[in-house]
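So the protein lines, in turn, are chains A and B.
In terms of this note's numbering, the first sequence has 56 at position 52, counting the first letter as 1, and numbering is strictly consecutive.
In terms of this note's numbering, the second sequence has 429 at position 425, counting the first letter as 1, and numbering is strictly consecutive.
Number of protein chains: 2
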Amino acid sequence: MTKNVNKNESITSQEENFSQWYTDICLKAGLMDYARAKGFIVYRPYGYAIWELVRNWLDGEFKKTGHHDVYLPLLIPESLMDEEKEHVKGFAPECAVVTIGGDKPLTEKMYVRPTSEVLFCDYFKDIVHSFRDLPVKDNQWCSVVRWEKTTRPFLRGAEFLWQEGHTLHATKEEALDETLGQLKLYERLGREVLAIPFETGKKTEKEKFAGAEATYTVEAIMKDGQALQSGTSHFFGQGFCQHFGIKFLDSNNKQETPWQTSWGVSTRLIGAVIMVHGDDNGLVLPPYVAPIQVEVIPIRFDKDPKVKQAALDLVEALTKEGIRAEADFSDKTPGWKFSEYEMKGVPLRIEVGPRDLAAGNVVLTRRFDGVKQTVALSGAAKAVPTVLKDIHEAMYAKALAYRDSHIHECHTYGELKDVVTTGQGYAKVMWCGDQADEDKVKADVNATSRCLPFDQTPFDDKCAICGKPATKVVLFARAY
Amino acid sequence: MTKNVNKNESITSQEENFSQWYTDICLKAGLMDYARAKGFIVYRPYGYAIWELVRNWLDGEFKKTGHHDVYLPLLIPESLMDEEKEHVKGFAPECAVVTIGGDKPLTEKMYVRPTSEVLFCDYFKDIVHSFRDLPVKDNQWCSVVRWEKTTRPFLRGAEFLWQEGHTLHATKEEALDETLGQLKLYERLGREVLAIPFETGKKTEKEKFAGAEATYTVEAIMKDGQALQSGTSHFFGQGFCQHFGIKFLDSNNKQETPWQTSWGVSTRLIGAVIMVHGDDNGLVLPPYVAPIQVEVIPIRFDKDPKVKQAALDLVEALTKEGIRAEADFSDKTPGWKFSEYEMKGVPLRIEVGPRDLAAGNVVLTRRFDGVKQTVALSGAAKAVPTVLKDIHEAMYAKALAYRDSHIHECHTYGELKDVVTTGQGYAKVMWCGDQADEDKVKADVNATSRCLPFDQTPFDDKCAICGKPATKVVLFARAY
Chain A
5 MTKNVNKNES
15 ITSQEENFSQ
25 WYTDICLKAG
35 LMDYARAKGF
45 IVYRPYGYAI
55 WELVRNWLDG
65 EFKKTGHHDV
75 YLPLLIPESL
85 MDEEKEHVKG
95 FAPECAVVTI
105 GGDKPLTEKM
115 YVRPTSEVLF
125 CDYFKDIVHS
135 FRDLPVKDNQ
145 WCSVVRWEKT
155 TRPFLRGAEF
165 LWQEGHTLHA
175 TKEEALDETL
185 GQLKLYERLG
195 REVLAIPFET
205 GKKTEKEKFA
215 GAEATYTVEA
225 IMKDGQALQS
235 GTSHFFGQGF
245 CQHFGIKFLD
255 SNNKQETPWQ
265 TSWGVSTRLI
275 GAVIMVHGDD
285 NGLVLPPYVA
295 PIQVEVIPIR
305 FDKDPKVKQA
315 ALDLVEALTK
325 EGIRAEADFS
335 DKTPGWKFSE
345 YEMKGVPLRI
355 EVGPRDLAAG
365 NVVLTRRFDG
375 VKQTVALSGA
385 AKAVPTVLKD
395 IHEAMYAKAL
405 AYRDSHIHEC
415 HTYGELKDVV
425 TTGQGYAKVM
435 WCGDQADEDK
445 VKADVNATSR
455 CLPFDQTPFD
465 DKCAICGKPA
475 TKVVLFARAY
Chain B
5 MTKNVNKNES
15 ITSQEENFSQ
25 WYTDICLKAG
35 LMDYARAKGF
45 IVYRPYGYAI
55 WELVRNWLDG
65 EFKKTGHHDV
75 YLPLLIPESL
85 MDEEKEHVKG
95 FAPECAVVTI
105 GGDKPLTEKM
115 YVRPTSEVLF
125 CDYFKDIVHS
135 FRDLPVKDNQ
145 WCSVVRWEKT
155 TRPFLRGAEF
165 LWQEGHTLHA
175 TKEEALDETL
185 GQLKLYERLG
195 REVLAIPFET
205 GKKTEKEKFA
215 GAEATYTVEA
225 IMKDGQALQS
235 GTSHFFGQGF
245 CQHFGIKFLD
255 SNNKQETPWQ
265 TSWGVSTRLI
275 GAVIMVHGDD
285 NGLVLPPYVA
295 PIQVEVIPIR
305 FDKDPKVKQA
315 ALDLVEALTK
325 EGIRAEADFS
335 DKTPGWKFSE
345 YEMKGVPLRI
355 EVGPRDLAAG
365 NVVLTRRFDG
375 VKQTVALSGA
385 AKAVPTVLKD
395 IHEAMYAKAL
405 AYRDSHIHEC
415 HTYGELKDVV
425 TTGQGYAKVM
435 WCGDQADEDK
445 VKADVNATSR
455 CLPFDQTPFD
465 DKCAICGKPA
475 TKVVLFARAY
């Protein structure tokens, strides 16, 4: 037997140092490893598998609504990048730039894509001519590179994985429906898959995407009270299409300009899952994105072959139910295994031991709240889907209660500052809409406007920041 | 009704200009579009969907055999690239190189990955310490960049999509099994999915991968008699591990060096499918990688609502059978639609017209050989899976007969030159093993050794090229 080390003791507590706790989990749960190149990471199997589950769910939904996957080039020639001025201003300074190809200096430098709007526009120009070609509803799964100064695994990196949807429509209404429809899909991803209640709304002018008419966002609140922008959906209007000369003949043979959207989520969502659900014992994965949903721990199986067989049979029965299950027959102690799979956030542990077996039972332990349940071995596999569903719902309810207790209506600037600097989450304030106020909040307490919630019911007359007449409800928070 | 244009007339015939025929299909079947950056392409939905089907099949097989997907960085610092001399010599000259990041010159230049061996080695060094950590069986789906001088869609491009498997093993035997096991998987991909009979064997020293001890290959013969390397599996021995200092403690606490493999296939396979199966009417897709397996063409549906309903019902019934089916209700003529879906290579067309409907029948037309079959509408959906299976088998048999008729045993250099220069496929010759002969063939007739087939039964005493005593059976061909 290997020495019984409680791995969880090696994780810094959230209370002690939330940032170190996060890094500990990323590394020790085997989600990632640092790469040689600064700011780049290796997505290890356990981390990548979470992303695959997110991707498979989203991709299925994209396809149900008539979207198609495509792949566009990694590199953007400078002349193409320059075609949309606001966009290039926003992105070019944080790009990696290729200047050598095949051992020779390039005559034109090329940007490693930080996002693909200009590439899509260049492509759309080739394929859109008539109203019959619309709508175009494309999506791309790829990586993008942004030369960030400070990086943190999954949250902000030199390279991350994401999906970027890009669509063109004949009418403004249809494009707006698409923009908000995808935002709703991201909200459903949170509700149904990640067990994360997203706060949704519109970004302010200051915070919107470079080149967009409007940016909508899904925001989540982490366990340290900071917000994480978890996905965005942009309405571009006709701006990019005009710059790129994308036109179509409508059914009356009149030349029109299409309306455009783009929307994306990234591997940031892994960071959101860690910081919304994780605890001092490690990762806590919501069942639908858990690479392993059930870990079967056989007790004294080396002494009792019946235990080993029962564990194998149980894994087989669970697999037949569509559950991602495995059993650990390694020579580590049960205690070590309990800690290990707790740290890895496996939603459900099933112990199979000689005593339980004699009684025809197994013990189920839920990771997220430690609740134990003894069930008949014969019915265990059939019971698990419901148990996982219950875990998901309970995790969502807990995260929702946390979120709701971390939105504070503030009436004064002092209240705002207190909320955002003491880990209390969002400061919800009435605001005049002046960008100078956002700059002031940023300068004073390093917080930013996260969104203008869809519910704009006013609760005050004057701007909490500058005292001028207020016109908008806005959420401020410190953010990743 | 739109004017009836037979789109197929716009495709150059194979006889007239095979290369132009290929390009016509790539563009006109909507597989790809040229991107602004030279040598880069857009993978359009119909082309990307073929790749997705290949990927999904392969990924399922990888996972069945215990492989995990991971994602490693896009960029390789120069110092890391330099660690394996033979490898850097082979790849660095054809790389795109990043020299600017975040608006500042980098202190160390970075290569856009042309392949990821050194990245994997750098990562493996972090995670492999004990025999308990072995085997490591990782796979990555990504794009790679190679600064090719002449490019052609899917076959040779500045950027292509691929998978690269990278594994480490405790013993040489296990690593060799892995290398050949993955080669067999690629052979099965051809046999069971792409309807392509691959020629398999070992690469010569000249043609093997930079840094490998042995490279195995799957080769396919195109309709112009040229070969296409369609996938490779490499046995690295311990070379990379030694260079990178990757070690493990075996069960006796002795320090050992792992044995390594890597293997990959790319979007080249789309090119193979086009050139193995395509004809003068366009693409001919094998059913299992056809994004649309059945196109239902309703005849006079605008006059007869029963036809429209029958077509819709048929698509629904087909979908329930797990078939990728759609119906075209656009205002084009049936003749236009016939041509269009022929060009797009849809394996099966089903016509639903008023006359057939009155008789309770529909007409099935197979794309690859034009064979028509009238079946009862009521049983059509249930019949289609078998029809598609039959099409797959018939396409494979046809490709196999073609392949077999394009391997020629040559006893003289004259015969070899005649075979490879007149589109007859592979020249199978006895060879002394001297690399100078390969150089000579390359210089004289621009052909290369494709592989040393596993069946090395000699059929001559002397080398067909130089006359020295022959020790090896080898296939030469012109190749893409």
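Every residue, glycine too, gets a C-beta built ideally from N, C-alpha and C.
Just the Cα atoms here: how many angstroms apart are Glu-98 (chain B) and Trp-151 (chain B)? The straight-line gap from Cα to Cα measures roughly 5 Å.
Chain A residues whose Cβ lies nearer than 9 Å to that of Asp-28 (chain B): Per Cβ cutoff of 9 Å: no residues; Asp-28 (chain B) is ~16 Å from chain A at best.
Short CB-CB distance (under 9 Å) between Ser-334 (chain A) and chain B: So, interface residue.
Using beta-carbon positions only, say whether Ile-303 (chain A) and Pro-389 (chain A) come within less than 9 Å of one another. no
For a contact meaning CB atoms closer than 7 Å, what does Glu-168 (chain B) contact in chain A? In chain order: nothing, as chain A lies at least about 14 Å away.
Stretch pair the segment 292-308 of chain A + the segment 334-352 of chain A: three plus CB contacts closer than 8 Å: yes
Within the same chain, show all residues whose beta-carbon is closer than 6 Å to that of Asp-308 (chain A), passing over the 5 residues directly before and after it, in chain order. Pro-358
Neighbour-count burial assignment, Asp-443 (chain A), 16 or more Cβ in a 10 Å radius: exposed
Going by DSSP, what residues sit across from Met-267 (chain B) in a beta bridge? According to the sequence displayed, residue 267 (chain B) carries Trp and not Met. Bridge partners of Trp-267 (chain B): B:Gly-169, B:Ser-237.
Just checking: is the beta-carbon of Ser-237 (chain A) within a distance shorter than 9 Å of some beta-carbon in chain B? no
Use the C-beta contact count for Pro-457 (chain A): other C-beta atoms within 10 angstroms, 16 or more gives buried, fewer gives exposed. buried
Proximity test, Cβ basis, 9 Å: Cys-467 (chain A) and chain B: no
I want to verify the contact list: residues of chain A whose CB lies under 9 Å from the CB of Asp-107 (chain B), in sequence order. Ala-96, Pro-97, Glu-98, Cys-99, Val-101, Trp-151
Measure the alpha-carbon distance for Lys-32 (chain B) versus Phe-158 (chain B) and round it to whole angstroms. Distance between the alpha carbons of Lys-32 (chain B) and Phe-158 (chain B) is about 15 Å.
State the start and end residues of the unbroken beta strand (DSSP E) segment that holds Gly-205 (chain B). In this chain, the beta strand (DSSP E) harbouring Gly-205 (chain B) covers 203-206.
Give the residues of chain A in contact with Phe-44 (chain B), contact being defined as C-beta atoms less than 9 Å apart. Listed along the chain, the chain A residues whose CB falls inside 9 Å of the CB of Phe-44 (chain B) are Leu-76, Pro-77, Leu-78, Leu-79.
Give the DSSP-derived three-state secondary structure of Pro-4 (chain B) in the structure shown. This structure cannot settle anything about residue 4 (chain B), because the visible part of chain B is limited to 5 through 484.
When B:Glu-203, B:Ala-214, B:Glu-209 are compared against Thr-221 (chain B), the one with the closest alpha-carbon: Residue B:Glu-203 is the option with its Cα nearest to Thr-221 (chain B).
Are Gln-242 (chain A) and Thr-261 (chain A) closer than 9 Å when you measure CB to CB? yes
Answer yes or no: does any C-beta atom of chain B fall closer than 9 Å to that of Met-5 (chain A)? With a pLDDT of 35 at Met-5 (chain A), under the threshold of 50, the modelled position of this residue cannot be trusted; read the value that follows with caution. No, Met-5 (chain A) does not count as interfacial toward chain B.
Against Pro-49 (chain B), what residues of chain A qualify as contacts under a CB-to-CB distance less than 8 Å, listed in chain order? Those are His-72, Asp-73, Val-74, Asp-142, listed as they occur along chain A.
Between the Cα of Glu-217 (chain A) and the Cα atoms of A:His-173, A:Trp-263, A:Pro-290, which residue gives the shortest distance? A:Trp-263
At a CB-CB cut-off below 9 Å, which residues of chain A make contact with Leu-165 (chain B)? Tyr-75
Have a look at A:Gly-169, A:Ala-224, A:Leu-138 and flag the residue whose alpha-carbon is nearest the alpha-carbon of Thr-265 (chain A). A:Gly-169
Kindly confirm or deny that the segment 316-325 of chain A and the segment 266-281 of chain A touch, where touching means at least three C-beta pairs closer than 8 Å. no
Please classify Ser-234 (chain A) as buried or exposed, where buried requires at least 16 neighbouring CB atoms within 10 angstroms. Buried is the call here.
Using 9 Å as the limit for Cβ to Cβ distance, is Cys-146 (chain B) near chain A? yes
Integer-rounded CB distance, given that Val-149 (chain B) should sit under 8 Å from Ala-100 (chain B): 5 Å
Below 8 Å, is the gap between the Cβ of Lys-32 (chain B) and the nearest heavy atom of the ligand NAP? Questions concerning the ligand NAP fall outside what the structure shown contains, since it holds no ligand whatsoever.
From the DSSP output, which residues share a beta bridge with Ser-134 (chain A)? A:Leu-253
Cβ contact check for the segment 175-193 of chain B and the segment 236-254 of chain B: 3 or more pairs under 8 Å: yes
Contact list for Asp-126 (chain B) against chain A, beta-carbon separation under 8 Å: Ala-39, Arg-40, listed in chain order.
If I measure Cβ to Cβ from Ser-147 (chain A) and keep anything under 6 Å in the same chain, skipping five residues before and after, which residues do I get? So the list reads Glu-163, Leu-165, once near-sequence residues are dropped.
Over the uninterrupted alpha helix (DSSP H) stretch that includes Asn-60 (chain B), give me the two end residues. 49-68
Since Trp-435 (chain A) sits in a beta bridge, which residues does DSSP pair it with? A:Lys-476
So, under 8 Å CB-CB, Asp-373 (chain B) and Ile-15 (chain B) are touching, yes? Tell me the CB distance rounded to an integer number of Å. 18 Å between Cβ atoms; not a contact.
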